[in-house]
Every structure is written in C-alpha cells, then in structure tokens.
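Report on the structure given below.
Protein chains in written order, with our numbering: chain V, 618 to 948; chain G, 23 to 271.
As structure tokens, then:
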C-alpha cells in the first residue's frame with residue numbers, strides 16, 4: 618500500500634481514539650507518548666547523523682521556562698512565547714554549534730560539549746530562583762475555567778490529545794522532509810568523512826548547523842508543550858542530565874534510523890517507567906535510572922538498530938533479502 | 023590553465039617541497055611522479071587545499087588559489103580523488119556521486135540535473151547507475167572508480183588523481199590508465215596524475231614531472247623519462263628502467 622495512504626489512515630485511526638471513551642489515565646499515557654515521541658524525533662533528526670547530543674534538556678528547558686515565564690510574568694500568550702523560545706534555542710545552538718563544527722569537535726567530544734550545555738541551562742534555572750522558582754519548579758498560571766486557546770490550556774484532555782497529535786505528526790513530517798532532502802546527503806557524507814565531504818563541495822559546518830538548529834527548535838516546541846500539558850515544570854524533570862540521557866536511551870531503544878523509531882522508544886520508556894512505578898512504587902530510588910543504563914548497554918550491543926530497526930531487518934530477511942542482492946561487485 | 027610558481031612547503035626545518043614550478047595546458051594530462059617522500063603528495067595536497075603553501079603561488083586560470091580551503095578549491099573547479107578511497111558508506115553508490123554533483127555546484131543545480139551529472143559520471147567510469155547499488159558491493163578497483171566518478175561529478179576543469187593505481191593488479195592498472203585518458207577526451211578535463219609507479223602511467227600522460235626530495239629533477243615527455251640518468255638513479259640505482267614494466271619503489 619502507498620505509504621502516504623497508510624500514514625493518513627494511521628493518523629486518522631489515532632485521531633478517532635478519544636471517541637472510544639478512553640479513560641483519563643489511558644489518554645494521559647497516549648498524550649505523554651505523543652509529546653515525548655515528538656521530542657525524541659526532534660533529537661533523532663540530528664542524532665541519526667552521528668551528532669549525539671547529551672544536552673537536549675537545554676532546549677526543553679528553554680521551551681518550558683521561557684514560555685511559562687513570559688506567560689506568568691507578562692501574560693504573553695504561548696503563541697508568541699513559543700516562537701521567542703525557538704529563536705533563543707536556535708541562537709544557543711548556533712553559539713555552541715558553530716565553534717564545535719568549525720573546529721571539528723565530533724563524537725565523544727561533541728557529546729561532552731552538549732552535556733555541559735544541558736547543565737548550564739539547568740543550573741541557570743536553579744540559580745535564577747526568584748524568577749524560576751529554582752529547584753522547586755514553577756507552575757503555569759491557569760486560566761479561570763481551565764480552557765483558553767490563547768493560553769494554550771485545555772481543561773479537556775481530549776483537546777490536548779489532538780494538539781499533541783498534530784505536533785507529533787508534524788515532527789514525523791519534518792523527519793521525512795529531512796530524509797528526502799539533499800541535506801541528508803551532506804550530513805551522511807560529513808558524518809563519515811569531513812575531508813572527503815569538503816572535497817566534493819559540501820559545506821560541513823553549515824550542514825551541521827542547519828540540522829542542529831532545526832533539532833533545537835523542534836525540541837523547544839516539545840518543552841513548551843510538555844509545560845502546557847503538565848502545568849508544572851522543574852529543572853530536573855525538564856532540563857536535568859537524566860532527561861537528556863533518557864532521550865538518547867529512548868531513541869536508541871526505539872530505533873535511531875527509522876521514522877517511527879523515536880516514537881516506539883517513547884512507548885517503550887513509558888511502559889518501562891509505568892511498570893516500575895506500579896511494581897515498586899517509589900521505594901527504590903534510582904531504580905529506573907539503573908535499569909535504563911543497563912538496558913542501554915544491552916541495546917547498543919545486541920540491538921544497535923533499536924526495536925524498529927531490528928523488526929525492519931527481520932522483515933527484509935523473511936522476504937528473501939531484496940536489499941542484499943543488487944549490484945554484483947564491479948571490478 | 024594552471025600555473026604553479028616556486029611552490030614551497032616547510033614543516034619546521036624540513037623542506038618537503040622546494041620551489042617547484044610547472045604549468046599545465048587545457049586538456050593535458052601531467053604525470054607527477056617520484057618515490058615515496060619525494061614531495062609529490064605534499065604538492066598535490068597544496069593544490070587540493072589540504073595544506074597551505076609556505077611560499078609560492080598556485081594560479082588557476084589567472085587567479086590565485088593557494089591556501090584556499092578544500093571546499094573553495096572544489097567550487098573553483100578542481101576535483102580530487104583520494105589515494106585510499108574514502109567513500110560515503112552510509113549512502114548508495116549513486117547517492118555518493120549525486121552528493122558531489124549537487125554540492126560541487128554549490129547546490130545551485132536542480133536535483134534532476136545533479137542526478138543526470140551523477141549518472142553520466144558513473145557511466146564514464148563504468149560503475150552501475152542502479153540506485154540501490156551499495157558501496158559495500160565494490161572491490162578495490164570499484165572504489166577507485168567511485169573516487170573518480172565523485173570527482174568528475176563536481177564538473178571540474180582540473181582533476182587531481184592521487185595514486186589511482188595503488189592496490190590494483192596489472193589489468194586493472196591498464197584499465198585505470200585508459201579510463202583517465204578517456205575522461206580527458208570525453209570531458210576535456212585537464213588532469214594531474216600523481217603516482218609513484220611509472221610504467222602504465224607513461225602510456226597516457228602528455229608530460230611527466232619527477233620529484234625527488236622536494237625538488238623537480240625532471241620535466242619532459244614520457245618517453246624521455248626512462249632515459250634520464252637522474253630518474254634512473256632514484257628509481258633503480260644505476261640499472262636502466264624498462265618502459266612497460268616500470269617498477270614500484
């Protein structure tokens with residue numbers, strides 16, 4: 618079947634979900650998967666090219682805090698606040714990214730720089746206690762009645778579900794656009810061999826900056842959406858190193874190189890977190906982190922393509938490996 | 023079209039290339055040869071933008087290009103291959119060459135056009151234009167061809183071919199030499215061909231330059247190279263070099 622038809626059908630089926638009288642809890646899980654699926658997709662648009670960021674919490678934090686602070690302090694609608702936050706995040710990505718890419722800080726070193734970026738943003742939020750509430754977090758000021766389009770607040774969970782669905786689908790669309798663009802060629806080439814890429818005219822620095830800023834901007838939207846949904850943010854849950862690492866874990870588990878991989882990763886991590894919560898409650902502090910870490914190691918060793926990647930590879934094998942046959946060695 | 027004047031590269035106190043001068047006519051193939059450590063790769067890398075010259079000038083069609091970054095060199099119309107093939111393995115063979123065709127023109131061509139240029143380049147070197155064909159399916163000779171196809175797809179005026187014969191057997195070497203000759207004729211590209219073995223190369227080059235210890239010790243017609251006493255000495259000690267069986271040092 619045509620993939621486009623399949624996509625439309627899939628999204629239509631999802632859109633119909635709230636009509637089936639789903640309880641609040643299940644709707645909540647779905648919204649959570651959509652928001653995080655979008656955030657993970659945003660990370661993977663650059664992560665798939667070997668640009669592993671351990672600091673995407675920085676962009677989530679900017680999204681959540683800038684939008685909330687503008688709303689709480691000045692009553693500025695998130696519809697304006699979000700673009701402002703996006704511009705801020707992209708500027709941050711540019712300032713940190715440019716020297717990295719210009720001077721070829723790649724691989725582990727790039728990951729370390731981003732790790733620092735995430736911490737800088739978290740510590741800034743904690744430090745600006747009077748404005749941000751510090752470690753105690755910050756509550757988004759609710760509108761009377763609970764629903765206001767201008768405030769991007771919806772008392773009705775189903776409404777928020779549709780909003781999250783649209784944003785998530787847009788994220789997948791962006792992923793697809795990048796996948797089909799010449800930018801992908803430039804980035805695949807750059808991630809493999811910067812000298813060879815430059816020798817055929819690829820502007821490595823520019824290509825990397827473009828994708829980093831795109832990813833940062835998208836992640837910012839995710840952060841804002843999360844804040845609007847939870848109505849409460851906290852530097853640890855939105856900007857901490859834990860959340861930055863969870864993004865990486867989820868994408869690797871779900872599949873770094875497939876369109877739906879990050880979303881599957883969101884389902885997987887949520888399922889894991891909920892199971893742990895229901896089974897152990899909050900008795901064993903740090904258990905989830907330990908299990909994430911352990912699973913991450915196992916995934917990297919045994920399933921480097923993640924859940925979706927492994928399923929896709931399995932399907933190809935069963936169909937008699939059409940991808941392996943073409944182009945006999947050309948000597 | 024290319025004029026190299028007193029090109030010099032010093033690494034600290036060591037002079038890798040010492041006041042080397044030569045020039046190239048449109049459509050010519052120049053063989054740049056010399057034993058290992060003779061400075062030919064350093065010369066190559068200075069023209070390709072990988073190294074900044076310590077002194078001297080490199081003029082392409084009357085404009086100085088010495089010290090420009092590799093991407094600029096590409097955009098000025100110089101394509102290059104790598105001695106050890108450096109393909110983009112995440113991309114298919116066709117995508118490798120499309121990348122070069124598109125970005126080699128600064129992205130100012132349509133994708134369809136880039137696609138056409140890529141297919142043309144692949145056909146020229148005899149690689150499959152099948153969009154599914156993977157880089158992993160290529161052997162040593164195939165990877166060398168991919169290097170050439172990628173460089174040609176950028177639509178260069180000047181092609182720098184770095185040791186295109188390394189790692190090939192004799193039949194493949196002859197094919198590679200014929201291919202460069204064919205490319206020159208088809209596309210009217212000027213070629214500098216760097217090699218440390220002489221034999222096969224001498225069949226197709228119009229002129230040869232021999233470097234030794236960073237200095238130009240010979241420039242002339244290929245049939246004269248093998249007779250030059252200085253060249254014979256650096257390559258074979260005192261024995262006479264035979265034309266067809268030119269030997270690797």
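Backbone N, C-alpha and C fix where the C-beta goes; we use that ideal spot for every residue, glycine too.
query: Is the distance from the Cβ of residue 757(V) to the Cβ of residue 838(V) below 8 Å?
result: Indexing the first chain from 1 puts residue 757(V) at position 140. Indexing the first chain from 1 puts residue 838(V) at position 221. In this structure, residue 838(V) does not lie closer than 8 Å to residue 757(V) by Cβ.
- request: Within the same chain, show all residues whose beta-carbon is closer than 6 Å to that of residue 625(V), passing over the 5 residues directly before and after it, in chain order.
  value: Translated into positions along the first chain, residue 625(V) becomes position 8. Once the five neighbours on either side are set aside, residue 625(V) has no close Cβ partner at all.
query: Excluding five sequence neighbours on each side, which residues of the same chain lie with their C-beta closer than 8 Å to the C-beta of residue 645(V)?
result: Here residue 645(V) refers to the residue found at position 28 of the first chain. Result list for residue 645(V): 774, in chain order.
query: Which parts of the stretch 171 to 259 of chain G are runs of the beta strand (DSSP E), unbroken and 3 residues or longer, counting only runs that do not cross its ends?
result: 180 to 184, 212 to 217, 229 to 234, 237 to 242
- prompt: Does any C-beta atom of chain G lie closer than 8 Å to the C-beta of residue 724(V)?
  reply: In the first chain, counting from the first residue as 1, residue 724(V) sits at position 107. False, the Cβ-Cβ gap to chain G never drops below 8 Å.
- prompt: Straight-line CA distance for residue 133(G) to residue 115(G)?
  reply: Sequence index remark: in the second chain, residue 133(G) carries index 111 (1-based). Sequence index remark: in the second chain, residue 115(G) carries index 93 (1-based). Rounded to the nearest angstrom, the two C-alpha atoms are 16 Å apart.
field: Residues bridged to residue 33(G) (per DSSP)
entry: Taking the first residue of the second chain as 1, we reach residue 33(G) at position 11. DSSP output for residue 33(G) lists 36(G) as bridge partner(s).
query: Do the stretch 652 to 663 of chain V and the stretch 831 to 849 of chain V meet, that is, are 3 or more Cβ pairs less than 8 Å apart?
result: yes
task: Look at the alpha carbon of residue 65(G) and the alpha carbon of residue 29(G), and state the distance between them as a whole number of angstroms.
output: As a position in the second chain, residue 65(G) is number 43, starting the count at 1. As a position in the second chain, residue 29(G) is number 7, starting the count at 1. So the two alpha carbons sit approximately 8 Å from each other.
- request: Could you tell me which residues DSSP puts in a beta bridge with residue 26(G)?
  value: Here the question's residue 26(G) lines up with position 4 in the second chain. Looking at the DSSP assignment, residue 26(G) forms a beta bridge with 44(G), 80(G).
query: With distances taken from CA atoms, which of 117(G), 24(G), 67(G) is nearest residue 51(G)?
result: Reading the second chain from its first residue, position 29 is the one you call residue 51(G). Residue 24(G) is the option with its Cα nearest to residue 51(G).
field: Residue range of the unbroken beta strand (DSSP E) whose run includes residue 52(G)
entry: Start at 1 with the first residue of the second chain, and residue 52(G) comes out as number 30. Per DSSP, residue 52(G) belongs to the beta strand (DSSP E) from 51 to 55.
message: With a threshold of 8 Å between beta carbons, is residue 126(G) in contact with chain V?
response: What you label residue 126(G) is simply residue 104 of the second chain in a count that begins at 1. Chain V, which has a Cβ nearer than 8 Å to the Cβ of residue 126(G), makes this yes.
field: Beta-bridge pairing of residue 765(V) - partner residues as DSSP gives them
entry: By 1-based counting over the first chain, the position of residue 765(V) is 148. Paired residue(s): 770(V).
field: Residues near residue 677(V) by beta carbon distance below 8 Å, same chain, minus five either side
entry: Taking the first residue of the first chain as position 1, residue 677(V) is located at position 60. Counting only Cβ-Cβ distances below 8 Å, and skipping sequence neighbours, we find 656, 836, 837, 839, 840, 843, 855, 856, 860.
6 Å Cβ shell around residue 100(G) - same chain, five flanking residues per side excluded: Taking the second chain and counting its residues from 1, one reaches residue 100(G) at position 78. Excluding positions up to five away in sequence, the list reads 178, 180.
query: How close, in whole Å, do the beta carbons of residue 850(V) and residue 709(V) come, if the pair is a contact with beta carbons under 8 Å?
result: Counted from its first residue, the first chain places residue 850(V) at position 233. Counted from its first residue, the first chain places residue 709(V) at position 92. Contact flag wrong, Cβ pair sits at about 18 Å.
- prompt: Would DSSP call residue 72(G) helix, strand or coil?
  reply: By 1-based counting over the second chain, the position of residue 72(G) is 50. In this structure, residue 72(G) counts as coil in the three-state DSSP scheme.
- request: Could you work out which residues of chain G lie near residue 815(V), taking near to mean beta carbons separated by less than 8 Å?
  value: Numbered from its first residue, the first chain carries residue 815(V) at position 198. Within 8 Å Cβ-Cβ: 91, 92, 93, 96.
query: Whose CA, out of 905(V), 797(V), 780(V), 883(V), lies closest to the CA of residue 846(V)?
result: The residue labelled residue 846(V) in the question sits at position 229 within the first chain. When only C-alpha atoms are compared, the closest one is 780(V).
- prompt: Using a Cβ-Cβ cut-off of 8 Å (strictly less than) and excluding sequence neighbours within five positions of residue 885(V), which residues of its own chain qualify?
  reply: Taking the first chain and counting its residues from 1, one reaches residue 885(V) at position 268. Answer for residue 885(V): 867, 870, 871, 924, listed in chain order.
Chain V within 8 Å of residue 24(G), Cβ atoms only: Counting from 1 along the second chain, the entry for residue 24(G) is found at position 2. Cβ-Cβ to chain V under 8 Å: no for residue 24(G).
message: Against chain V, with Cβ distances strictly below 8 Å, would residue 85(G) count as a contact?
response: For the purposes of this step, residue 85(G) is taken as residue 63 along the second chain, with counting starting at 1. Residue 85(G) does not count as touching chain V.
query: Straight-line CA distance for residue 628(V) to residue 787(V)?
result: Numbered from 1 along the first chain, position 11 holds the residue referred to as residue 628(V). Numbered from 1 along the first chain, position 170 holds the residue referred to as residue 787(V). The alpha-carbon atoms of residue 628(V) and residue 787(V) are separated by roughly 11 Å.
Bridge partners - residue 755(V), DSSP secondary structure assignment: Position 138 of the first chain holds residue 755(V). 850(V), per the DSSP bridge assignment.
- request: Express the C-alpha separation of residue 878(V) and residue 927(V) in angstroms, rounding to a whole number.
  value: For the purposes of this step, residue 927(V) is identified with residue 310 of the first chain, where counting begins at 1. For the purposes of this step, residue 878(V) is identified with residue 261 of the first chain, where counting begins at 1. Roughly 10 Å separates the two Cα atoms.
Residue interval of the beta strand (DSSP E) (run including residue 101(G)): For this step, residue 101(G) is matched to residue 79 along the second chain. Element bounds for residue 101(G): 100 to 102.
Neighbourhood of residue 123(G) by C-beta, 6 Å cutoff - its chain only, sequence neighbours within 5 removed: Taking the first residue of the second chain as position 1, residue 123(G) is located at position 101. Correct list, in chain order: 136, 139, 140, 175.
message: Which same chain residues end up closer than 8 Å to residue 238(G) when comparing Cβ atoms and leaving out the 5 residues on each side of it in sequence?
response: As a working mapping, residue 238(G) is identified with position 216 in the second chain. Only 42, 43, 44, 231, 232 meet the Cβ criterion.
- request: Go through its chain and collect everything with a Cβ distance to residue 120(G)'s Cβ below 7 Å, but skip five positions before and after it.
  value: Position 98 of the second chain, counted from the first residue, corresponds to residue 120(G). Taken in chain order, the residues that qualify are 136, 137, 140.
- request: Could you name the residues of chain G that residue 773(V) contacts, counting a contact when the two beta carbons are closer than 8 Å?
  value: Locating residue 773(V) in the first chain gives position 156, where the first residue counts as 1. Those within 8 Å of residue 773(V) in chain G number zero; the least Cβ separation is about 45 Å.
- request: Could you check if residue 93(G) is buried or exposed, using at least 16 other CB atoms within 10 Å of its CB as the buried criterion?
  value: Counting from one through the second chain, the residue named residue 93(G) turns up at place 71. Classification for residue 93(G): buried.
task: Count the other C-beta atoms from every protein chain shown that fall within 10 angstroms of the C-beta of residue 182(G), then say buried if there are 16 or more, exposed otherwise.
output: The residue given as residue 182(G) occupies position 160 in the second chain. When all chains shown are included, residue 182(G) counts as buried.
message: Just to confirm the assignment, what range does the alpha helix (DSSP H) spanning residue 92(G) have?
response: Counted from its first residue, the second chain places residue 92(G) at position 70. Its alpha helix (DSSP H) spans residues 92 to 97.
query: Nearest to residue 79(G) by alpha carbon, out of 194(G), 228(G), 147(G), 26(G)?
result: Counting from one through the second chain, the residue named residue 79(G) turns up at place 57. Residue 26(G) is the option with its Cα nearest to residue 79(G).
- prompt: For residue 151(G), which three-state DSSP category applies?
  reply: Along the second chain, one-based indexing puts residue 151(G) at 129. It is coil, neither helix nor strand.
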